[in-house]
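Asks: Numbering (this note's numbering), first residue to last: 454 to 1051. Sharing a structure below in C-alpha cells format, with a few things to ask.
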C-alpha cells in the first residue's frame, strides 16, 4: 500500500476549509486559550442572576465554536495517516490544550447547577435559544460533583482518552501484516485490504487463508489490546461510581436520553428473532457458492461476486444524486458540493483509519473518510456517510451549537435511511433478475448485516463485558475471546462454524471505546426502515416530515424525534416490523436465486 505522500490530491479531502495554513491553526489555538482566560476572569464566582447566566452561556458558545474546528483539523489530519509524526504530536498537543481549557471552564456548569432552578428557568424564558441546553444541564444535577472534583476530572480528559489512542496506535501503526500465501503465490495483507477486499473475496481458498493470516496477527496483540480495553472500562466504571449512577449502564445511557428497556430490547429481540432469518441467508450463500461448510470467514462474501459491477468515484456522484433526489434540491446541492469542494477522502494509503466515518464540525461543512476500492457496494457506504453529512448540514443551519447534535440512539437513522433510498432507486430502475438479486443481497449483506448483525453482536458481547465490570470485575484476552465466541455461537447456531480467529473480532472495532454505541446502529436502522416504508406509501409528505426531523437536531429526545417521523419506538412493534421486512428480503433472494438457476 502506498504512503500518504504518494496519493493523488483529488482523492483527498481539503482541510484548508478549516485552516488555510499551519500558522492560522496555531493562531486559533492561542486565541482559544486567551478567550478561556477572559471567560474565567469575567464570570468565575460571578454567575448570580439571569443576565450573568445568559451571558456566560453565550461566551461558552463562542469559545466552543472556536475550539471545534481546531480539534477537527488535528483529528482529521491524523486519521488519514496515523504514522505521521507531525500529525501525532499536533493531535496530542490539541488534546492537552482542550483538557486544560475544559478544566478552566468547568466552573461554568458547577456554578450554574448551584443556582436555584427558578433562576435557570427564568434564563430559559429570557433566552429561549438556550432553553434546551439549560434543561439538559438540570438533568445532570444529581450526578454533579464538587467544583474542584469536576475541574480535576476535566484536566485528566486527554489521559482518559489514552486507551482509545493506544488502541489506534497498536492497530494502525505497530501492527504490520506479512503477505499470505496460497498455492505458492503471495498476496498482500493489511487492515484495510482485509476488511475492504479479502473478506469479500469469492475465491474460498484465498479468503479463508487471508482470514487465518489476519487472525494470527491479531492474536499476537490480543493481550496488549485487552489490557488497553480494560483500562478504558475501569475509567468508565470509576466515573459512574464517582457520580453516583446506579450502574455503568445508567451512566452511559444518560446522555443518550433513553432508559435500559430500549437498550435491552434492541439486543434481546434481534438476538432471538433475527437470528433464524440470517441463518437462512447464510445457508443460501453456502448453496450458491457451493461451499463444503459455512464458516465465520465466509459470512461477508457477496451472493453473486461475478456480477458485482465496479464503479469510479465520479460515477458514484451520479448514483448519489439520482438515488437521493427524493430528499430535495437543497440536499442534492449539498451532494454536489461534497464532491466539488473535496469534503471526501477516498484514498487508500498506509496508516489511514479503517472503515468509514463522517465528521461534522459546527460552523463548517462535514468531512467524510472512506477507502475507495471501486466495488459497487461502496455506493451504499458513501450514501450512508452522506446521510450523516446531510443530517448535520441541515441541523447546523437550523440550530445553535448546543442544540444541533441529537442523542446517539438516533444518530444512525439518517445514514441508514440513505442506504434504503439508494437500494430503492437501484431496484426501481431495473427488471433484470440478477441485478435485483445483487441489490437486495447488498441490502442484506451490507445495510442490515452491518447494522443489525455486526454491530448488534458487538452490542450483545459488550453488554456481557459491562455486566462483569459493573460487578467490580476486570477482563483480559481469555475472557473477551470466550464472551465473543459465545455470542457468535448463540446467534448463528449450528448453521455457521465459528472457526478459530472469529473470537478475536472484538479487537477490530473502535466502537467499544465510545460507550454504548454499537447497539444504536440497529436502533437507527429500525427508525430508518419504518420511515423508508412511509416514504414508499406517502411520498413527499413523509419526506417533508423527515427533513424537519433532521433540522431539529438535538432539540428533542429520540422518542420525540422518531414520533415526528411517524414512528413509535416506545413499543417493540417497529423493531419486529423491521425484522419481518428483513425476512421478506431474504424470501425474495431465495425466489430470485431459483429463477436465475432455472
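Positions of the beta carbon are idealized from the N, C-alpha and C atoms, including for glycine.
Counting Cβ pairs, one atom from each stretch, are 3 or more of them under 8 Å apart for the segment 459-468 and the segment 797-810?
Replies: yes
Asks: Identify the continuous beta strand (DSSP E) that holds residue 635 and give its terminal residues.
Replies: 633-635
Asks: Under a Cβ-count criterion, where at least 16 other Cβ atoms within 10 Å of its own Cβ denotes burial, should residue 592 be classed as buried or exposed?
Replies: exposed
Asks: Taking the alpha carbon of residue 1026 as the reference point, which residue from 833, 609, 982, 820 has its own alpha carbon closest?
Replies: If you compare the alpha carbons of 833, 609, 982, 820 with that of residue 1026, the shortest gap goes to 982.
Asks: Which of the three DSSP states is assigned to residue 639 in this structure?
Replies: strand
Asks: Let me see if you follow: with CB-CB separation under 8 Å, is residue 763 close to chain B or not?
Replies: Note that chain B does not occur in the displayed structure, where there is just one protein chain.
Asks: Give the DSSP-derived three-state secondary structure of residue 1024 in the structure shown.
Replies: coil
Asks: Grab the span of the beta strand (DSSP E) containing residue 822 for me, first residue to last.
Replies: 820-822
Asks: Do residue 748 and residue 950 have their CB atoms nearer than 8 Å?
Replies: If you check the CB distance, residue 748 and residue 950 come in under 8 Å.
Asks: Taking only runs of the alpha helix (DSSP H) that begin and end inside the segment 968-1045, which ones reach a length of at least 4 residues, in chain order?
Replies: 972-991, 993-1005, 1011-1017
Asks: Using DSSP with H/G/I as helix, E/B as strand and the rest coil, what is residue 812?
Replies: strand
Asks: If residue 938 sits next to residue 920, beta carbons under 8 Å apart, how far is it from one beta carbon to the other, in whole angstroms?
Replies: About 17 Å separates the two Cβ atoms, so there is no contact after all.
Asks: Which whole-angstrom value is the C-beta distance of residue 1110 and residue 898, which I expect to be below 8 Å?
Replies: Residue 1110 is absent from the structure shown; the chain starts at 454 and stops at 1051.
Asks: Quick one: what's got a C-beta closer than 7 Å to residue 916's C-beta in the same chain, skipping five residues either side?
Replies: Only 720 meet the Cβ criterion.
Asks: For residue 950, write down the residues that DSSP places opposite it in a beta bridge.
Replies: 748
Asks: Considering only the beta carbon of each residue, do residue 984 and residue 1020 sit closer than 8 Å?
Replies: yes
Asks: What are the start and end residues of each continuous alpha helix (DSSP H) run of 4 or more residues lying completely inside the segment 587-622, in chain order?
Replies: Within the segment 587-622, the complete alpha helix (DSSP H) runs of at least 4 residues are 600-608, 610-613, 615-622.
Asks: Where do the ends of the alpha helix (DSSP H) carrying residue 654 lie?
Replies: It is not in any alpha helix (DSSP H) - residue 654 carries neither H nor E in the DSSP assignment.
Asks: Roughly how far, in whole angstroms, is the beta-carbon of residue 952 from the beta-carbon of residue 750, given that I think they are within contact range, below 8 Å?
Replies: 6 Å
Asks: Can you tell me where the alpha helix (DSSP H) holding residue 398 begins and where it ends?
Replies: With the chain covering only 454 through 1051, there is no way to say anything about residue 398.
Asks: Please state whether DSSP places residue 764 in a helix, a strand or coil.
Replies: coil
Asks: Please report how far the alpha carbon of residue 579 lies from the alpha carbon of residue 553, in whole angstroms.
Replies: 31 Å
Asks: How far does the alpha helix (DSSP H) with residue 496 in it reach, from first residue to last?
Replies: 475-496
Asks: If you draw a straight line from the C-alpha of residue 966 to the C-alpha of residue 617, how long is it?
Replies: 6 Å
Asks: Return helix, strand or coil for residue 683, following the three-state DSSP convention.
Replies: It is helical.
Asks: Would you report the Cα separation of residue 701 and residue 653, rounded to the nearest angstrom?
Replies: 37 Å
Asks: Per DSSP, which residues does residue 797 bridge with? Please list them.
Replies: Answer is 821.
Asks: Can you look up residue 828 in the DSSP assignment and give me helix, strand or coil?
Replies: strand
Asks: Does the beta-carbon distance from residue 625 to residue 590 come in below 8 Å?
Replies: Not closer than 8 Å, so no.
Asks: Touching or not, the segment 1028-1043 and the segment 814-823, by the rule of three or more beta carbon pairs under 8 Å?
Replies: By the C-beta criterion, the segment 1028-1043 is judged not to be in contact with the segment 814-823, since fewer than 3 inter-stretch pairs fall below 8 Å.
Asks: What residue range is occupied by the uninterrupted alpha helix (DSSP H) comprising residue 464?
Replies: Neither: residue 464 is in no alpha helix (DSSP H) and is coded neither H nor E.
Asks: Residues in the same chain with beta-carbon distance under 8 Å from residue 894, minus the five sequence neighbours each way, listed in chain order, please.
Replies: 755, 756, 757, 1042
Asks: What residue range is occupied by the uninterrupted alpha helix (DSSP H) comprising residue 885?
Replies: Note, residue 885: premise wrong, no alpha helix (DSSP H); not H, not E.
Asks: In the DSSP assignment, the alpha helix (DSSP H) including residue 527 goes from what residue to what residue?
Replies: 503-532
Asks: Could you tell me the alpha carbon to alpha carbon distance between residue 535 and residue 600, rounded to whole angstroms?
Replies: 36 Å
Asks: Can you give the beta carbon distance from residue 670 to residue 635, rounded, assuming they're within the 8 Å contact cut?
Replies: That belief does not hold up - the Cβ atoms of residue 670 and residue 635 are roughly 17 Å apart, past 8 Å.
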